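Beneath this line is the structure, given in structure tokens, with notes to follow.
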Amino acid sequence: MNRSRSLLKYSISRLLLAPVMLWLISTLVFLLLRVAPGDPVDAILGIRADSAAREALRVKLGLDAPLLTQYFKYLNCLIHGDLGESLNNQEPVRQLISNTLPASIELGVIAIIIAITIGLAVGFTGIARPEGKTDLIGRLFGIGTYALPPFWAAMLIQIFFAVILGWLPVGGRFPPNLMEPEGSGFLILDSIKTGNLQALLGSIRHIILPASTLGILLSGIFSRSLRLNLSKILTTNYIQAAKSRGIKDSQVILKHAFPNALLPVLTIAGLTIASLIGGALLIEITFSWPGIALGLQEAISQRDYPVVQGIIVIISSLVVIISLLVDIAIAFIDPRINFN
Amino acid sequence: MKKLTIHKDSISKLKMKSSRLPFKLAIKFSAFLLLFAQVSCMVKSDFKGIILASKGKIESLDPAQANKLLALQLISSLGDTLYRINLQGSLVPMLAKDKPIISKDGLSISIPLKENILFHDGTKFDAAAMAFSINRFIQIGTLTYITKSIKSIETPEEFLIRINLSEPSTSIKGLLTSINLTPISPTSYSLYKDKFLINNFIGTGPYKLINYSAERQSIEPFQNYWGEKVKNSGITFVSFTNSTSLFSAIKTGQVDVLLSNAIEDVHSFALKNLSKENTLIEGEGPPMEIGYIAFRTNSDLLKNKKIRKALLFSLDRDLISNQVSYGLRVPLRSLIPPFLAIRKNSPWPKYNVETASRIFKEAGFCNNKKLTLPLTFRSNVPSDKLLALKWQQQIKQDLSECLEISLNGVESTTIYKQLSEGAFEAVILDWTGDYPDPYAYLAPLLDCIKINDEVCEDGEAVTGGTFWANNTLQKSLMKSELLREEERLEELRKVERLAAEGAALLPIWHLKPRVWTRNNLSKPKFDGSGRLLLKEMIKYNE
Chain A
1 MNRSRSLLKY SISRLLLAPV MLWLISTLVF LLLRVAPGDP VDAILGIRAD
51 SAAREALRVK LGLDAPLLTQ YFKYLNCLIH GDLGESLNNQ EPVRQLISNT
101 LPASIELGVI AIIIAITIGL AVGFTGIARP EGKTDLIGRL FGIGTYALPP
151 FWAAMLIQIF FAVILGWLPV GGRFPPNLME PEGSGFLILD SIKTGNLQAL
201 LGSIRHIILP ASTLGILLSG IFSRSLRLNL SKILTTNYIQ AAKSRGIKDS
251 QVILKHAFPN ALLPVLTIAG LTIASLIGGA LLIEITFSWP GIALGLQEAI
301 SQRDYPVVQG IIVIISSLVV IISLLVDIAI AFIDPRINFN
Chain B
1 MKKLTIHKDS ISKLKMKSSR LPFKLAIKFS AFLLLFAQVS CMVKSDFKGI
51 ILASKGKIES LDPAQANKLL ALQLISSLGD TLYRINLQGS LVPMLAKDKP
101 IISKDGLSIS IPLKENILFH DGTKFDAAAM AFSINRFIQI GTLTYITKSI
151 KSIETPEEFL IRINLSEPST SIKGLLTSIN LTPISPTSYS LYKDKFLINN
201 FIGTGPYKLI NYSAERQSIE PFQNYWGEKV KNSGITFVSF TNSTSLFSAI
251 KTGQVDVLLS NAIEDVHSFA LKNLSKENTL IEGEGPPMEI GYIAFRTNSD
301 LLKNKKIRKA LLFSLDRDLI SNQVSYGLRV PLRSLIPPFL AIRKNSPWPK
351 YNVETASRIF KEAGFCNNKK LTLPLTFRSN VPSDKLLALK WQQQIKQDLS
401 ECLEISLNGV ESTTIYKQLS EGAFEAVILD WTGDYPDPYA YLAPLLDCIK
451 INDEVCEDGE AVTGGTFWAN NTLQKSLMKS ELLREEERLE ELRKVERLAA
501 EGAALLPIWH LKPRVWTRNN LSKPKFDGSG RLLLKEMIKY NE
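Each protein sequence line maps, in turn, to chains A and B. Using the working numbering, the first residue of the first sequence is number 1, and each one after it goes up by one. Using the working numbering, the first residue of the second sequence is number 1, and each one after it goes up by one.
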């Protein structure tokens with residue numbers, strides 16, 4: 001079987017497995033939420049309402065039905081692409097997700113660009129003078145950013161740049177004194193599309209601190225990964241062979257060593273993007289960034305079952321898709337990978 | 001050797017180019033940040049309104065659904081209630097023309113309505129619109145217990161509404177001032193008779209909504225408002241997710257007003273100090289929130305009243321208030337906030353370590369036998385956690401031979417679910433009355449439908465986790481609903497005295513709603529229900 005056919009077969013098998021995986025995840029989430037202590041009715045009414053009002057609301061929300069009935073109803077809706085309605089405010093979950101997901105994607109993409117830029121720069125510097133001062137600083141930077149508690153780092157950055165220097169806003173996604181541009185929910189893109197300079201600058205001002213914090217915290221893993229890979233590759237025979245054939249050093253590094261060193265970096269980038277969409281919770285809380293992780297955390301605390309289930313299904317789907325895309329990209333780049 | 005040389009060569013070239021790359025990048029990044037910050041700050045908007053920040057989102061603007069303080073605050077600016085309560089606790093007509101006329105049997109309330117009032121959609125406000133709003137709330141509202149005493153609504157005249165009750169209720173004024181019953185336009189809500197409209201509000205209030213998202217809402221003055229005109233050009237509500245960000249936002253001037261009871265005490269204290277230095281302006285409302293500890297009186301541990309009594313004497317409120325909240329939470333020995341002033345002397349005992357020790361000894365403790373009290377606190381409420389820790393520490397110093405407190409932090413949603421299941425021996429909670437009246441504090445904490453030998457089997461006392469009830473108290477509570485003025489207050493005093501004797505609840509403190517504004521705004525004011533009067537606020541550089 002030739003390579004492109006085996007890659008196609010692999011991709012199809014991964015795509016076919018995705019619904020099974022999503023079914024398992026959604027079933028697990030459904031069950032875990034029901035097992036967890038707490039009740040959406042209590043979360044909505046607090047301890048103020050009497051038992052009759054509680055029961056009435058329970059019936060209204062369909063929580064009085066047997067668990068199996070609730071489960072099959074949920075699965076049926078999910079198969080038809082209906083994520084249900086929030087128990088808290090009856091807003092469609094699809095709408096809630098479409099309001100928050102662009103914020104998380106926007107933050108995640110910019111953060112990953114910053115992380116890769118800084119990570120690669122630090123990694124390159126380290127390998128340029130192995131065991132030297134710069135390398136030591138780079139390695140400390142790598143370990144430090146990886147080990148730093150995100151909320152602590154975020155608070156320090158917030159206090160320094162927003163409170164002490166006053167250069168950038170403390171939090172939020174958009175200046176409160178401007179009207180958000182209509183469109184896709186990606187405020188930077190929408191501002192560009194509508195030609196609204198104020199909105200564009202405002203959006204960028206608000207994203208700098210959370211994206212930089214997240215980017216710096218993630219850059220360590222990229223720098224360490226690149227440094228390790230590059231140091232190994234520079235001692236391999238094919239690099240020496242290229243050199244001995246008289247190829248310029250810069251070309252050897254850029255054309256032969258760097259692409260191979262990037263393979264693991266690409267894998268890490270793919271997985272990081274996927275996890276970032278749902279996992280930047282502490283950054284979103286610190287900078288009051290209205291993303292999907294914050295929405296998930298609030299939905300969990302309110303025991304808003306459909307919202308939690310919906311968000312997890314969407315995040316899981318994105319993780320599956322991104323992982324598949326990364327695998328395909330790596331397969332294209334690296335001819336050594338065998339999908340048989 | 002040659003291999004090594006080639007490798008070193010290539011590396012040395014790389015070194016030349018990139019050894020200082022991170023430093024250059026860092027410098028360039030900082031320079032860019034500074035430049036960008038300065039340039040983007042130069043681009044000013046023409047917005048002249050007030051930016052108000054608070055903690056938490058507003059997930060619904062439907063008055064039939066809203067139950068969070070912030071949502072109620074916003075709805076109170078977009079709509080008017082029939083009456084409002086002033087700082088003296090009296091009913092002030094809003095959409096009502098005059099005071100309510102209550103029938104002799106107390107079962108019917110007639111309310112004349114003001115004329116020539118328009119909704120934001122241009123339609124007319126009348127008795128039919130009021131009836132539509134109340135009936136819609138009864139049909140779909142999530143807090144229908146508010147209206148459980150309403151039997152029917154009549155509209156005998158275009159501007160007269162009659163509410164028929166199933167039983168007399170003196171506390172009906174709470175209902176008439178309830179923001180949940182704010183009238184809405186029947187025309188605009190015609191498609192939402194039986195479902196919520198979460199992202200819009202069409203009322204008669206001084207402001208109208210111009211845009212809504214859960215994190216951000218903007219309102220502007222309603223030009224055809226019937227009452228006193230708004231003194232500012234509009235308000236944008238923005239939400240922050242944590243106390244530190246809120247504090248930083250008002251301090252740096254990113255927002256004009258900070259309104260939040262959810263802000264941590266350490267930040268409130270710092271803001272209070274800034275207002276003393278004239279950096280900010282602080283406003284305070286009537287203290288509507290009380291903090292207390294509920295004891296489960298049907299548990300093996302606490303069914304002995306002597307133990308509960310001893311616990312009442314063992315809490316040093318002054319010390320704990322200072323250590324937890326820098327004195328911002330005022331010690332309270334009553335279930336009713338002092339501004340409602342139903343009595344001069346507090347019915348709950350003062351801290352007295354000798355008395356506590358004596359009662360513990362009478363109950364068989366202290367002589368090499370220590371009582372271990374499991375105290376549960378809401379782990380997501382910082383002041384609860386601090387209170388629990390400080391009380392534990394104080395007991396270690398004062399009563400270590402008799403009492404030991406073991407702490408248990410549980411998320412609030414779980415606590416609310418498990419309170420009525422009797423899961424907690426002692427739990428720290430708070431309560432904010434729906435309206436400023438003693439009944440709104442006593443009934444939700446003490447009311448019981450089914451009593452069996454001082455144990456409540458059904459009612460608010462079960463929901464609240466105490467399971468304590470008393471027949472005499474219950475009769476007094478019900479009787480108070482039939483009485484007026486001083487007679488009613490006397491009956492409520494009796495209720496509170498009996499509650500203190502029962503020792504199922506231990507009041508700790510009360511907390512005022514606070515707001516801070518930048519210096520270019522007028523001093524903020526609250527009404528008698530603890531709502532910030534937004535339309536009174538003036539921004540001087542507008």
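Idealized CB from N, CA, C, for every residue including glycine. Just so it is clear, the structure is predicted and the values come from calculations on it, not from any experiment.
Chain-order list of chain A residues neighbouring B/Phe196: Asn89, Gln90, by C-beta distance under 8 Å. Under the Cβ distance rule, A/Asn99 counts among the residues neighbouring chain B, one pair being separated by less than 9 Å. Secondary structure note for A/Gly126: its alpha helix (DSSP H) is the uninterrupted segment 93–128. Pairing B/Phe125 with B/Ala96, the inter-Cα distance amounts to about 11 Å. Within the stretch 205–216 of chain B, contact with chain A at the beta-carbon level (separation under 8 Å) is assigned to Asn211, Ser213, Ala214, Glu215, Arg216.
Nearest CB-CB separation between B/Ser60 and chain A: below the 9 Å threshold. Proximity of B/Ser480 to chain A, defined by a Cβ-Cβ separation below 9 Å, is not satisfied. Judged by DSSP secondary structure, B/Glu282 falls within the beta strand (DSSP E) whose first and last residues are 280–284. Neighbours of B/Lys104 in chain A, taken as residues at a C-beta separation under 8 Å, are lacking, since the least C-beta distance is about 29 Å. For B/Ser239, the closest of A/Asn76, A/Ile285, A/Ala274 by C-alpha to C-alpha distance is A/Ile285.
In terms of beta-carbon proximity, B/Tyr435 stays away from the interface with chain A, with every pair separated by 9 Å or more.
Look at B/Gln65: its C-beta is under 9 Å from a C-beta on chain A. Considering only beta carbons, the part of the stretch 182–205 of chain A lying closer than 8 Å to chain B consists of Leu197, Gln198, Leu201, Gly202, Ile204, Arg205, in chain order. In this structure the stretch 291–302 of chain B does not touch the stretch 475–495 of chain B; the number of beta carbon pairs closer than 8 Å is below three.
Here B/Pro287 is buried: its Cβ has 16 or more other Cβ atoms, across all protein chains shown, within 10 Å. Within the stretch 245–256 of chain B, the residues whose Cβ lies closer than 8 Å to some Cβ of chain A are Ser245, Ser248, Ala249, Lys251, Thr252, Gln254, Val255, listed in chain order. Under the Cβ distance rule, A/Ala52 counts among the residues neighbouring chain B, one pair being separated by less than 9 Å.
With 16 or more other Cβ atoms from the protein chains shown falling within 10 Å of its own Cβ, A/Ile253 counts as buried.
Relative to B/Cys402, the option among B/Ala469, B/Gln323, B/Asn452, B/Ile307 whose CA is nearest is B/Ile307.
Per DSSP, reduced to three states, the secondary structure at B/Gln217 is strand. Of the other Cβ atoms in all chains shown, 16 or more fall within 10 Å of the Cβ of B/Ala310; this residue is therefore buried. Runs of alpha helix (DSSP H) with 4 or more residues, each lying fully within the stretch 206–291 of chain A, are found at 237–244, 258–279, 281–286, listed in chain order. Of all residues in the stretch 416–430 of chain B, only Tyr416, Lys417, Gln418, Leu419 come within less than 7 Å of chain A when Cβ atoms are compared, listed by chain position. Neighbours of B/Val230 across chain A, judged by C-beta separation under 7 Å, do not exist; the nearest C-beta is about 18 Å away. Close partners of B/Glu167 in chain A (Cβ separation under 7 Å) are lacking, with about 15 Å as the shortest Cβ gap. Rounded to whole angstroms, the gap between the alpha carbons of A/Leu61 and A/Phe124 is 57 Å.
If you compare the alpha carbons of B/Val330, B/Pro374, B/Arg329, B/Ser400 with that of B/Ser357, the shortest gap goes to B/Ser400.
Per DSSP, reduced to three states, the secondary structure at B/Tyr439 is helical. When rounded, the separation of the alpha-carbon atoms in B/Val427 and B/Asp384 is 10 Å. By the rule that beta-carbons nearer than 9 Å mark a contact, B/Phe240 touches chain A. Nearest in C-alpha terms to A/Ala280, of all of A/Ser203, A/Asp135, A/Pro210, A/Ser250, is A/Pro210. One thing to note: B/Ser133 has its Cβ no nearer than 9 Å to the Cβ of B/Ile102. Three or more beta-carbon pairs separated by less than 8 Å link the stretch 36–45 of chain A to the stretch 408–421 of chain B, which places the two stretches in contact. DSSP, read as helix, strand or coil, puts A/Ala162 in helix. The beta-carbon of B/Asn380 is placed less than 9 Å from the nearest beta-carbon of chain A. Within the stretch 154–181 of chain A, the residues whose Cβ lies closer than 9 Å to any Cβ of chain B are, in chain order, Met155, Gln158, Ile159, Phe161, Ala162, Val163, Leu165, Gly166, Trp167, Leu168, Pro169, Val170, Gly171, Gly172, Arg173, Phe174, Pro175, Pro176, Asn177, Leu178, Met179, Glu180.
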